[in-house]
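So the sequence shown is numbered by this note's numbering: it starts at 5 and just counts up by one.
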Amino acid sequence: MIREEKSNDTFGCGFNKRKYAGDAKRCKELGLDFKIHCMGPKRIKRYLKRKYDIEIEIEGKNRFDITREAQAIIYG
5 MIREEKSNDT FGCGFNKRKY AGDAKRCKEL GLDFKIHCMG PKRIKRYLKR
55 KYDIEIEIEG KNRFDITREA QAIIYG
């Protein structure tokens, strides 16, 4: 019964669950898209460059700031 309630689609294997569980909670608190956050800084930068022809600076920023910028570009 408990196993049916939990979804493993979001996190995948055990390592990823441990790695992203806190980030998922923090993204929810900050109102950020967790799927974008999981891409990581380099993949977000490459995605925005290819799809929107916009290059963002990722040096000296944490993942939450990069996710916030990317979300503003994609959804805004």
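No residue lacks a Cβ here, since even glycine has one placed at the ideal position from N, Cα and C. Bear in mind that the values here come from a model prediction, so they are computed numbers and not experimental data.
Rounded to the nearest whole angstrom, the CA to CA distance from tyrosine 56 to alanine 28 is 26 Å. Exposure of arginine 54 is indicated by the presence of fewer than 16 other C-beta atoms within 10 angstroms of its C-beta. A straight-line Cα-Cα distance of about 18 Å links tyrosine 79 and proline 45. Spanning the alpha carbons of lysine 23 and alanine 76 requires a straight line of approximately 25 Å.
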